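Working notes for the structure below.
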Amino acid sequence: KGGRTLRSLNPHFAIVYIYQPRTEINEQIYDGILENITLDELDNIIRETKSGKAAGISGIPYDFWKKSKKETRKILLDIYNRILHEHKVLDDWKKGMIFPINKTTRSHWNNDINLTRPITLIETARKIFIKVLVKRLAKILSLNKVLQGSNYAALLNESTLEPLKIVQSIIEDANKENKEVWILLMDISKAFDSVSMIMLEKSLKRIKVPEPLIKIIMDINLNRTNKVIVNGEFTKEYEVEDGVDQGEVWSPLLWRIFYDALLTRLAKIKNETGYTMETTKHIDINKNISKKLEITYNASAFMDDTTLIGGNKQKLIKMIEICHEFFEINDIKANIKKYELIRINSSEDNENNELIINNEKIEKVNNPEENRFLGIYFRHDNRRKVYKDRIRSTINDACRLFRWKKLKEKQIIAIWNIVIIPRIEYQLQAIVLTEDECNELIRKINVLIKHSCDLPSTTPNFLLHDKDIYGLKHIYNLQIENLSKNIIYMMNDEGRLKEIMELKMIQEQNKIWTRQCIGNLNSKTFRRQNSWLINAIDLLKKEKISICNHEYNDKYIHHCIEGGTSEIIEFLTANEIEKNLERKVIITWNDPEGNTIFSENKKKSRSKKYKRIGVHLIPNSHSINDKDNSPTLIACTGCNKNIKRINDGICHIYIENENSRVINNRKEDNKIKPYESLGDIKNRNEKIITKNKLKQSPIIEEIEESKLANINYNKKIDEIDQMIEASENFIEELKNNIIEHTDEIYDTLIQIDIRDKGEDPDYIEIINDLETENELIMKKDEDIEAIHIEDEILKINEYNIYWNNNLIKWAYRRWSKIISQAKWKHELLHCKLVEDLFINNYKDEFDWEISLEFISNRNQCRKLICNTQDSLDRTYKIKNLLMILPTYKLLYDRGTNKINSLICPRCEEEIETWDHIWTCNQNEFNIKDVIENTIIEIEKNYITNGQRHETEENTRQQKDEDDTKIIFDNIETFNEIKVEFVLFLDNKSVILPNKKRYWELLRGIFNKNLNNLGKNKKGSKDIIRRLWELCYDNIKKEIWHKRTERTIEIEKAEGITKGDKRKRKREDKKSKEPENNKKQKNIKNKENTKKQDQNQIIKLVTYERSIGRSLNTGKKDGRWNTIQKLIPLDIDK
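The following block contains the structure:
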């Protein structure tokens, strides 16, 4: 091996098109690439290396260099700079170890080298040196666009996203436009091992890499020796003939430079062989200005994964011949048996549809099991189900493994978040899932975790996904995070992705007849389709996220089509437009004379002014003058509006574009009757004309709206003034700044909600705080200037993320995570099981940060620690929070087997509800007794007059006891707090109606006012919190555990086992339901749907308020629990 000389090559292919130095490259771009390495540069590279990686023969890992002192690094730096001057590396750097990694799922590779992926372990000092060179070279190649753009590996800001999106977009376009395309997915055996040093040197010279750097590269790669690790032992050293080491830092970059020769050759014949996506961009419809957009692709690659894209079979064959000639020149082995072909809308007959390369037939053609490219499976017919099934398969495999291993919930969540979620995220590059689809996919893991931690299946899912409780990542939240980042990256890309995405947006713009920018179009405008981009924009719009806002930034107004004042999309949805192209609908408008015109949509028009032609309809003689009733429409047989040259008894007219609308209609005796009266039809048509005229004079409309808005807001401010008697300066400043209509990008909007709360002092205090807060905001002029500067920088990007028309200035993914956290907090805020905790939530009584830390058991067991007791404690706390402990009432309502009564089995007097557990007369102690006994126990066991207990036992329990002793060492503070603590819990709760504050303790909710006990003395907060936790634990021990023990004894006597309580009662299937049962169910379902819709609207209001709070801070809303809930209407009234 070793490549061939230029004389032996095909001169046409090799010399002219491939290996001659490229004249357009300026050699000066490489200036500075061999300058001395600085200590700061070395420190940065060492800092970027990953810990825990395998070392070379010397055994020196990256961690050694990370912890090394400055003197050591200076010695290393001297070695590196000497190499740069002498162009020769150390001999020890040329020795490596090869470890064969198993490719298959088998336990052993059975001595078959083809089943392994050999990785070379190299000296870390050499890898650090090469990292420096690679970083310098990659930066030069990226900035100066030296290499072909069709390979998306090894350089900065490139990934698998680009080639995947190119292939997916072409498959979508070919199916949508019914065009022919042949896509060949190629495979190369041992690509890195195939690189010839002779040809690599020629490839480097081809792009004019400096000769000294070429000498260093050649010196490292020539005269190398390796030995293989087999069964923990080394084989004898052998000389490496060719190839670059798999595992070397610059191997991907050298491969790309080597492979660039082929891709350059293919790029020269792109227009002859490739597939073209095309559309028409309408610039001005009034002036009929448009231009044709075309994008042609014939090859895409990521490292050695190459895809050829041909417009037909002959074009593909031509590219295959060029590729295989290149492979032959460089002794590269193409694995034809692994080639896969995606063939769409082939024009060939069945006999010529097969693809044969070097006498080998390609077997995997439109593979029923999908065609795999870079880990994503594509189908020729672009079915969404393929991508969705792959994600479902990943989840099912994971759940199967979790069940088999019998993992605890913390272990399941850790593996899910760290291992499974990244796999799903990668697959989401090819599909956009709806929220319902995401909920369906994650349902299995939700059920598994609930089962693992012994929670009922009806437990609200938000507890699993809230970061402060379990923290299980949800697929839908992940998708929003992923889309927010990826779609902006693609739309602002300087390469081919932006071309594709904009072309697809223009195609959609033409499809639904709109002049508006697709990036900011209303979600209801879109129709669900197999287009990743449109589905992504649609989904984000449902979350009130858009990628364009031409009111905020009109620099890129060319996204919209000029001309016209109104458009058909305002009256027809995209779904209707698409269907109306094929079926008949009735369209009406008023002509300039005021006559009402009706038409039945028929076909497209070739006219530049009108888009559609329809059959002219007129009211019959009985209804033409009846304005109060629906007219009967009949076909006009001919009039002065007829556009047909020959009168055949059917009158055809142009359909008005701007002032028309679709009307619903029915048929009576084969005659058309609209659902509106003739008078209403005419009046509504006139309103459309008036509305369009107002749009032509937006200045007048804006002035009127601004005056009205200012009047309304000033009235609102006067109400605030009367309520809180704020200072004159504050009120005057608020009136002047509440809405200021200027040309500035941002208007200052301060919105205050006034609710009828009477003379509630807490509520007035909140508004007083708001006055102070707003006065501080108004003084920060320098911050406002900084915001405007940042806005100007962001306006450079053509596309940005906007939420509710507000520009997002923070990292998109971080902001998306804030949205996710807000979502789960508001699920908690609106959960029926805890609604009693939020009745008067504006009073801000509870510390939810401490409460959720306690409920998730993080106060006793860190997130990374997992044990059975931790799981049991957390489950108990969650059940208490939701009041779903397995009481007899709960078991009876569930229809549990052998539970035939709701009555408490201990007292046999009252229904055993959650409240009854703690107040049952059979309890040995009541709640107050337990709290007092806890204090006595603390004084007995932990108060040691400052003498700390010492022990040699190194157990966790003993450590906890020692920590508790330290907390309670302050006797004076404890004695002052203990009485106040008991009295505080015995007081009436401000939140829970008709209950004392120890009921808050039972739910695991920490009251903020507890921190005021002890007059903020040193250590008082720690004492209070620990005392509160011990009281909770003792109540569990003295009441719940003893209740459980006694109940088990009673059930055992009655023959009820634990297994019985896990079963449901069998219902008599033969029992006949009442005749009106179905009707009652339908009525009940409609009522439930109304309530759900109403609750969703209420949730949306509070949810958006919380996100709005986070908009300018970039931090999660810490006061989510104080957002005032709206009270749903009573639907039954």
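Reminder that position 752 of the sequence shown reads as 752 in the UniProt record's numbering, one-by-one numbering, no gaps. Ideal Cβ positions, reconstructed from N, Cα and C, are used throughout, including at glycine. Predicted model, so just to flag it, every value in this text is computed and none were measured.
Residues that residue i bridges to, as DSSP identifies them
{"i": "G614", "result": "N601, I653"}
{"i": "H282", "result": "S290"}
{"i": "R1064", "result": "T896"}
{"i": "D305", "result": "F302"}
{"i": "W182", "result": "G310, R343"}
{"i": "F846", "result": "N1007"}
{"i": "P118", "result": "P100"}
{"i": "Y238", "result": "N226"}
{"i": "A635", "result": "L617"}
Same chain, Cβ closer than 7 Å to residue i, neighbours up to 5 away in sequence not counted
{"i": "S251", "result": "F192, V244, D245"}
{"i": "D626", "result": "L678"}
{"i": "T235", "result": "K227, V228"}
{"i": "T1122", "result": "N841, Y842, D844"}
{"i": "K127", "result": "V249"}
{"i": "C399", "result": "K444, I445, L448"}
{"i": "I207", "result": "R22, I25, V146, I257"}
{"i": "I122", "result": "G56, G96, D245, G247, E248"}
Within 9 Å, strictly: CB atoms of residue i and residue j
{"i": "I57", "j": "K88", "result": "no"}
{"i": "F854", "j": "K1008", "result": "no"}
{"i": "Y297", "j": "M319", "result": "no"}
{"i": "G1019", "j": "N941", "result": "no"}
{"i": "N520", "j": "E172", "result": "no"}
{"i": "N797", "j": "I488", "result": "yes"}
{"i": "I170", "j": "I309", "result": "yes"}
{"i": "A174", "j": "N353", "result": "no"}
{"i": "I119", "j": "I140", "result": "no"}
{"i": "L42", "j": "L76", "result": "yes"}
Chain-order list of residues whose beta-carbon lies under 6 Å from that of residue i (same chain, five-residue window excluded)
{"i": "G1118", "result": "none"}
{"i": "Q411", "result": "C866"}
{"i": "E237", "result": "T225, K227"}
{"i": "T264", "result": "Q148"}
{"i": "F129", "result": "Y80"}
{"i": "K707", "result": "In this prediction, K707 scores a pLDDT of 47, lower than 50, which makes its location untrustworthy; no coordinate-derived value is stated."}
{"i": "R755", "result": "Confidence at R755 is low in this model, with a pLDDT of 35, below 50, so the placement of that residue is unreliable and no value is reported for it."}
For residue i, three-class secondary structure by DSSP
{"i": "P212", "result": "helix"}
{"i": "M197", "result": "helix"}
{"i": "A154", "result": "coil"}
{"i": "N223", "result": "coil"}
{"i": "M491", "result": "helix"}
{"i": "E924", "result": "coil"}
{"i": "N439", "result": "helix"}
{"i": "A299", "result": "strand"}
{"i": "Y19", "result": "helix"}
{"i": "G1004", "result": "coil"}
{"i": "W803", "result": "strand"}
{"i": "E519", "result": "A small fix is needed here, since residue 519 is Gly in this sequence, not Glu. Correct three-state label for G519: helix."}
{"i": "L1030", "result": "helix"}
{"i": "P422", "result": "helix"}
{"i": "I101", "result": "strand"}
{"i": "A191", "result": "coil"}
{"i": "P761", "result": "Unreliable placement is indicated for P761, whose pLDDT of 42 sits below 50; no coordinate value is reported for it."}
{"i": "E562", "result": "strand"}
{"i": "W255", "result": "helix"}
{"i": "V930", "result": "helix"}
{"i": "T264", "result": "helix"}
{"i": "Y675", "result": "coil"}
{"i": "K1069", "result": "The pLDDT assigned to K1069 is 42, lower than 50, so where the model puts this residue is not dependable; a value taken from the coordinates is nonetheless given after this. Correct three-state label for K1069: coil."}
For this session: Kindly provide the ranges of any beta strand (DSSP E) runs that are 3 or more residues long and lie completely inside the stretch 354-395, ordered along the chain.
Result: Within the stretch 354-395, the complete beta strand (DSSP E) segments of 3 residues or longer fall at 371-373, 376-378, listed in chain order.
For this session: Give, in chain order, every unbroken run of the alpha helix (DSSP H) that is at least 4 residues long and sits entirely within the stretch 54-83.
Result: Within the stretch 54-83, the complete alpha helix (DSSP H) runs of at least 4 residues are 62-67.
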